[in-house]
Amino acid sequence: MKKWQDNKGWLFILPVFIIVAFSAIIPLMTVVNYSIQDIFGPGQRIFVGTEWFKETLTDPRLHEALWRQLLFSGLVLLIEMPLGIAIALTMPTKKGLGSSVCLVLIALPLLIPWNVIGTIWIIFTRPDIGLMGAFINNMGITFDHTASGLHAWITLMLMEVWHWTPLVILLAYAGLRSIPEAYYQAARIDGASAWAIFKYIQLPKMRGVLTIALLLRFMDSFLIYAEPFVLTGGGPGNATTFLSIYLVKIAVGQFDLGPAGAFSLIYFLIVLLFCYLFYQVLLNVGKGESS
Amino acid sequence: MGLILDQVNKYVEGEMHLADISLDLASGSRNVILGRTLAGKTSLLRIMAGLDRPSTGKIVMDGRDVTGISVRKRQVAMVYQQFINYPSFTVFQNIASPLQISGVPKATIKEKVMETAKLLHLEEMLDRMPAELSGGQQQRVAIARALMKDSQLLLLDEPLVNLDYKLREELLEELTAIFKKRDCVVVYTTTEPSEALKLGGNIVVMDKGRVCQTGPTTQVYRNPATVETAQLLSDPPINLFAAVLNDGRLTLGDDLALAVAGPIAALASGRYHIGIRPNHLYLHPQDPGDIKIHATVEISEINGSETFIHFRYSGYKTVLHEVGIDARKIGSDITVYMNPGNFFVFAENGDLLISPGPAKTAENQTA
């Protein structure tokens, strides 16, 4: 008893504990609760154990959505990372109006809400009145994201790249700016080429921020929902039914709370696993280097 | 043969960074550029390296005009204040990098890396990454890389400033020995007179973008051409007093009048500046010819095995440097002894008129 009285320190972490409990622990446990029960209505629930997990893991439509999701995230990273670094390298290096204007313009897409982005691009790519859609169609190429899965993908990729490459640019730019001028001088004195400077100085020195960019971009693109939802609602067919779209269809569309709960937990674990893998790989590659 | 700078000027956006600098640095010589921060040392080094072009003037390297030639095509090696190494290379690869670029056979590279690593005590850590090393070791790697290059010009821009005192002393000693063996032009910048004196060789004293004085370091130390140089080349700075000479009687400060003989007596009557180095002020009489002044201690600091006592004489901030520990209480009265034989006499405009004879200077033994 006496010991408990000395532990007033607990009071200090109590507010944080309450916030975390309401924002994370309780919702998560609710999902866990759903995932192991079959719910018919209020007060009508049956314990089903791991049945929903088994069902979800063997659901062919989930497998399709997962592969689609992986392909999408892979493509996004393949385009956004090099593009972001390349643009950051061409930005003005000196402090002044030029670099400020550049930064503001580049950061602009990041300030626009997700659903607005979807709407902008729907209009932009419409075959009849959209600037891009009408232009392509007038050249004699049929382009319609509501009819062709490929076209929906192209539109989504464009949207994603336009929206999120700026984040990679900003992070890469910050990384580049933190390299002391003396490194570049030393490289010039050594007679290093621009490629050698990039490979042996800029890239290793940017590793820290690029790791963060990669993780953020992977997580965000893996959880993509608003853009395909606004654009085609997962269609045409199931062409853009990514994991989150499929999950919402089960949870809200079909109101299958049990399978949706199991799905959510599996989804969460997949993201966690991939992030852990990326992090470990990048940590090992950069071992012993200063960031 | 060597590096010649001919009337080099550098303006940046209308602002003068370097003014009319002419230098002649011989191959195999050690040259120390001494000056305060922003004196233009780094700007000058950058121009020597070819990283920047002078606004006007000419740079000649081993008889060839290299003014407009890019740094990539010159044989230059440089070491910086910051520890600059390739972050993704091991120590071995870092040291080897200058030779790898020029396509030297592998066996030769290995041999030379081992040789240089031994010189800088890096043999044990050749497989490590730069970030795993201490600051001193990182800088050794950077110096090793610079030494690997068979350059005509080796530039070091305050290389020891980010290291702790002990390491600085150690590396400085090693560097002096290494530089002596090389036949390229070595240029080393520093803000510290003690570093310049330890490195020896020649000195270029700079202030506000101009060269104040050049010459062999000990000679410049003994005969600083101006008050400016005398102050820059003494740490703590030389003590200065205004003085009036009138018919063989020198009045120092407010009230100390003394009869002078020798070269000082031969000067015309008038106003002068008298300089005396802190280590020529004593707490105990040294010589029957000593004059004494009374003062009150303002600060007394002990640095290693040396004592610095700050006091004011006739309003002039004065420092006394005594070897050994002899702390005095703040506010206590002291008697300070000095010998007119150790006086530097400067004209009113700052030009040196008389420097103390070598026999009286203690640096004679140490320099």
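Each protein sequence line maps, in turn, to chains A and B. With my numbering applied, the first sequence has no gaps in its numbers, which climb one by one up to 293 at the end. With my numbering applied, the second sequence has no gaps in its numbers, which climb one by one up to 356 at the end. Heads up, the beta-carbon is just placed ideally off N, CA and C, and yes, glycines get one too.
Compare the C-alpha of residue i against each of the options and name the closest.
i: A:Ile272; options: A:Glu53, A:Ile89, A:Ala67 and A:Ile15; result: A:Ala67
i: B:Ile58; options: B:Ala214, B:His310, B:Pro43 and B:Thr206; result: B:Pro43
i: B:Val65; options: B:Met37, B:Gly92, B:Ser91 and B:Gly198; result: B:Met37
i: B:Gly124; options: B:Asn20, B:Ile73 and B:Ile253; result: B:Ile73
i: B:Tyr210; options: B:Val1, B:Val21, B:Leu(-6) and B:Ala8; result: B:Val21
i: B:Leu109; options: B:Pro87, B:Ile90 and B:Met137; result: B:Met137
i: A:Tyr185; options: B:Leu152, B:Met67 and B:Ile98; result: B:Met67
i: A:Gly237; options: A:Ser150, A:Ile214, A:Ile226 and A:Gln71; result: A:Ser150
i: B:Arg61; options: A:Ser195, A:Ile268, A:Met31 and A:Ala90; result: A:Ser195
i: B:Leu161; options: B:Ala28, B:Glu147, B:Leu(-8) and B:Asp172; result: B:Glu147
i: A:Asp222; options: A:Leu72, A:Val34, A:Leu59 and A:Asn35; result: A:Leu72
i: B:His262; options: B:Leu152, B:Ser344 and B:Lys30; result: B:Ser344
i: A:Gly132; options: A:Trp116, A:Leu113, A:Thr157 and A:Val78; result: A:Thr157
i: B:Leu186; options: B:Glu158, B:Glu287, B:Met50 and B:Arg317; result: B:Glu158
i: B:Leu188; options: B:Ala8, B:Arg117 and B:Leu164; result: B:Leu164
i: B:Lys318; options: B:Val249, B:Tyr302, B:Arg301 and B:Glu290; result: B:Glu290
i: B:Ile323; options: B:Ala28, B:Ile314 and B:Thr285; result: B:Thr285
i: B:Gln126; options: B:Gln141, B:Gly92, B:Gln89 and B:Thr79; result: B:Thr79
When the cut-off is 9 Å and only beta carbons count, does residue i lie next to chain A?
i: B:Ala257; result: no
i: B:Tyr75; result: yes
i: B:Met67; result: yes
i: B:Arg61; result: yes
i: B:Leu27; result: no
i: B:Leu40; result: yes
i: B:Gln126; result: no
i: B:Ser86; result: yes
i: B:Arg171; result: no
i: B:Gln141; result: no
i: B:Gln(-4); result: no
i: B:Gln275; result: no
i: B:Gln208; result: no
i: B:Ile90; result: yes
i: B:Phe335; result: no
i: B:Gly35; result: It is Arg, not Gly, that sits at residue 35 of chain B in the sequence shown. Taking Cβ atoms only, chain A reaches closer than 9 Å to B:Arg35, which makes this a yes.
i: B:Gln71; result: yes
i: B:Ile58; result: no
Count the other CB atoms, across all protein chains shown, that sit within 10 Å of the CB of residue i; report buried if there are 16 or more and exposed otherwise.
i: A:Lys207; result: buried
i: A:Gln46; result: exposed
i: A:Asp258; result: buried
i: B:Val312; result: exposed
i: B:Ile192; result: buried
i: A:Tyr278; result: exposed
i: A:Gly98; result: exposed
i: B:Tyr154; result: exposed
i: A:His65; result: exposed
i: B:Gly198; result: buried
i: A:Trp12; result: exposed
i: B:Gly264; result: buried
i: A:Leu16; result: exposed
i: B:His283; result: exposed
i: B:Lys107; result: exposed
i: B:Val200; result: buried
Would you say residue i faces chain B, with C-beta separation under 9 Å as the test?
i: A:Pro94; result: no
i: A:Tyr185; result: yes
i: A:Arg179; result: no
i: A:Pro182; result: yes
i: A:Leu205; result: yes
i: A:Ile191; result: yes
i: A:Ala194; result: yes
i: A:Ala188; result: yes
i: A:Tyr202; result: yes
i: A:Gly98; result: no
From the DSSP secondary-structure annotation, give me the bridge partner or partners of residue i.
i: B:Val55; result: In the DSSP output, where bridge partners are listed per residue, B:Val55 has none listed.
i: A:Pro206; result: Answer is none; A:Pro206 lacks a bridge partner.
i: B:Phe333; result: B:Gly264
i: B:Phe300; result: B:Val286 and B:Thr307
i: A:Phe49; result: A:Gln39
i: B:Pro205; result: B:Asn191
Given 8 Å as the limit, tell me if residue i has its C-beta closer than that to any heavy atom belonging to the ligand GTP.
i: A:Gly76; result: Ligands are entirely absent from the displayed structure, and the ligand GTP is therefore not among its contents.
Specify whether the region 278 to 296 of chain B and the region 226 to 234 of chain B touch according to this definition: at least 3 beta carbon pairs, one from each stretch, less than 8 Å apart.
no
Are there three or more Cβ pairs, one per stretch, closer than 8 Å when the region 197 to 204 of chain A is compared with the region 72 to 91 of chain B?
yes
Could you check whether the region 319 to 334 of chain B touches the region 267 to 278 of chain B, counting it as contact only if at least three pairs of C-beta atoms, one from each stretch, sit closer than 8 Å?
yes
Tell me whether the region 100 to 115 of chain B and the region 78 to 86 of chain B touch, counting them as touching only if at least three CB pairs, one residue from each stretch, are closer than 8 Å.
yes
Should the region 166 to 174 of chain A be called in touch with the region 89 to 109 of chain A, which here means at least 3 C-beta pairs below 8 Å?
Yes, they touch.
Cβ pair count under 8 Å reaching 3, the region 71 to 88 of chain A against the region 215 to 230 of chain A:
yes
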